[in-house]
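Read the structure below first, then the notes.
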Amino acid sequence: MKRYFSVFFLFSILCSVTSYAQDSLAFKPSGKIIARSFLDFSKGFGDDDKSGFDITRALLGYNYKFTRTLQAQVVIDGAAGKTSSDGLEVYLRNAFVNWSDKGFSVNAGLIGLMGFSVQETYWMHRYVMKSFQDLNKMGPSVDMGVTAEYAFNPYISADLGITNGEGYKKIKKDNSMKYAAGLSLHPTKNTILRIYGDVYNESENLRDALPEGVTDVNFKDQYTMAVFAGYKDKNISAGAEYNRVFNKGFVEKKDYFGYSVYTSIALAPKWRTFARYDLVDSSAPNSFNTAWNSLDGQLMMIGVEFQPVKQLKIAPNFRNLNPDHSKSQRYLFVSVEFNL
């Protein structure tokens, strides 16, 4: 009897050790360096005939996976903006923990937001130009808070977010919060339909400055709405989106809105061509006597992308801007992305 018990005991230990060894082989904690830069050379034609080199992103950070479901990331942007003397501004861009398992994904800390991150993946050329909402300052791409996403099945997913609302350059405690929700549908292979909305609580300290002499306005919460449709496979990516901000800067009836349509097509290995059209318009309270949004107008872009190696993209592109309140401008850009 003792012999059988000993055999059973040894067998149990062996099974435990084997199981642990398999788990150890299946996953090992590991990390990776994040290094990504956007650079460009531009030449203006017409009234704005300036030319020169610029850097608009210089990301450096680290991502570490503790377990299969838990990871953390810290990233610094060394070219997050420009000072009044044209010096580069350095900001902490990411500092978050992510937990993902069985369709759930939760992020907490200084996190990327869901307002237009999906659209960016279909635009495909973020290093060339920001997506519509980002370009027109309809909301931050990164903020302090918590987001949660759940995929119910391959066809439906939903996401929620609670953040400060000011973005990663202005992290402070106040009584204003932004509450966001999104729903993504995948009715067929390679397609997506998405709707997103958020509510930003009104705060006196965060109100937009009023034009000189204007006092007869009301203040309300700010709302954002976005509708997006996209298609993407290995050769073609295309998207169309409509975005609107209500009560911009908490000023009632100070709205702006617009459309963006874009496509990117693979021409050959390492080569793509892309095009984009944006239209922006705005409205204002009756007490405003002048237009307030300098970004109203149209943008047209066409370009070619060459990717000689995985880590490098080069995209000559031509841009035509037709502002509603100033003269048209044309630019030739050569945009470059380095991504380690």
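Under mature numbering (1 follows the signal peptide of the UniProt record, and there is no 0), residues -21 to -1, 1 to 319 are what the sequence shown spells out, in order.
Where a beta carbon is used, it is the ideal one built from N, C-alpha and C, also for glycine.
None of the values given here were measured: they were computed from a predicted structure.
Have a look at the options and flag the residue whose alpha-carbon is nearest the alpha-carbon of residue i.
| i | options | result |
| --- | --- | --- |
| Ser261 | Gly282, Glu231 and Val283 | Glu231 |
| Lys81 | Met123, Glu128 and Thr100 | Glu128 |
| Ala51 | Lys11, Lys29 and Ala130 | Lys11 |
| Ile174 | Ala137, Ser110 and Phe17 | Ala137 |
| Gly237 | Asn265, Gly209, Ala245 and Thr203 | Thr203 |
| Thr46 | Val76, Gly88 and Ala14 | Val76 |
| Asn143 | Ala58, Leu185 and Ile215 | Leu185 |
| Val313 | Ile293, Leu319, Pro166 and His304 | Ile293 |
| Glu191 | Thr269, Thr170 and Asp33 | Thr269 |
| Leu172 | Glu183, Phe207 and Val178 | Phe207 |
| Lys233 | Asn197, Asn169, Val121 and Asn214 | Asn197 |
Can you tell me whether residue i is buried or exposed? The criterion is at least 16 other CB atoms within 10 Å of its CB, across all chains shown.
| i | result |
| --- | --- |
| Asp26 | exposed |
| Val259 | buried |
| Ala263 | buried |
| Ala94 | For clarity, residue 94 is Gly in the given sequence; the question names Ala instead. Looking at its Cβ environment, which holds 16 or more other Cβ atoms inside 10 Å, Gly94 is buried. |
| Ser30 | exposed |
| residue 321 | Because the chain here runs from -21 to 319, residue 321 falls outside it and cannot be looked at. |
| Glu316 | buried |
| Ser9 | exposed |
| Pro119 | buried |
| Lys(-20) | Only weak support exists for where Lys(-20) lies, its pLDDT of 43 falling under 50; the coordinates are left without a value. |
| Asn115 | buried |
| Gly218 | buried |
| Ser110 | buried |
| Ala59 | buried |
Helix, strand or coil: which one does DSSP assign to residue i?
| i | result |
| --- | --- |
| Trp78 | strand |
| Phe312 | strand |
| Thr203 | strand |
| Ser96 | helix |
| Gln1 | Only weak support exists for where Gln1 lies, its pLDDT of 49 falling under 50; the value from the coordinates is given anyway. Residue state, collapsed to three classes: helix. |
| Asn318 | strand |
| Asn184 | helix |
| Phe111 | helix |
| Tyr101 | helix |
| Phe229 | helix |
| Tyr147 | coil |
| Met156 | coil |
| Tyr41 | strand |
| Lys61 | strand |
| Asn132 | strand |
| Tyr211 | Note that residue 211 is Lys in the sequence shown here, rather than Tyr. Correct three-state label for Lys211: strand. |
| Ser261 | strand |
| Ser84 | strand |
| Thr142 | strand |
| Thr48 | coil |
| Tyr106 | coil |
| Ser(-16) | Any reading at Ser(-16) needs caution, since the residue's pLDDT is 44, under 50, leaving its predicted position unreliable; the model's value is listed next. Here Ser(-16) sits in helix by DSSP. |
| Glu167 | The residue you asked about is not Glu; residue 167 is Thr in the sequence shown. In this structure, Thr167 counts as coil in the three-state DSSP scheme. |
| residue 321 | Nothing about residue 321 can be reported from this structure: the residues present for the chain run from -21 to 319 only. |
| Asp28 | coil |
Just checking my contact of residue i with residue j at CB under 8 Å: how many whole Å lie between their CB atoms?
| i | j | result |
| --- | --- | --- |
| Asp195 | Ser266 | 4 Å |
| Ala37 | Ser64 | Their Cβ separation, rounded to whole angstroms, is 18 Å, which puts Ala37 and Ser64 out of contact at 8 Å. |
| Gly276 | Pro295 | That belief does not hold up - the Cβ atoms of Gly276 and Pro295 are roughly 23 Å apart, past 8 Å. |
| Gly274 | Arg298 | Here residue 274 is Leu; the residue named in the question, Gly, does not match the sequence. The Cβ separation is near 14 Å, so there is no contact. |
| Asn86 | Thr48 | About 13 Å; that fails the 8 Å criterion. |
| Val224 | Tyr235 | 6 Å |
| Leu164 | Ile135 | 6 Å |
| Lys249 | Gln286 | 5 Å |
| Asp33 | Asp19 | 5 Å |
Per DSSP, what are the beta-bridge partners of residue i in this structure?
| i | result |
| --- | --- |
| Asn301 | Gln277 |
| Val288 | Leu291 |
| Leu18 | Ile34 and Val315 |
| Ser243 | Ser216 and Phe253 |
| Lys11 | Asn42 |
| Glu191 | Its beta-bridge partners do not exist; DSSP assigns none. |
| Phe267 | Looking at the DSSP assignment, Phe267 forms no beta bridge with any residue, so it has no partner. |
| Gly23 | Tyr310 |
| Gly118 | Gly118 pairs with nothing; no bridge assigned. |
| Asp234 | Ser262 |
| Val54 | Gly40 and Asn73 |
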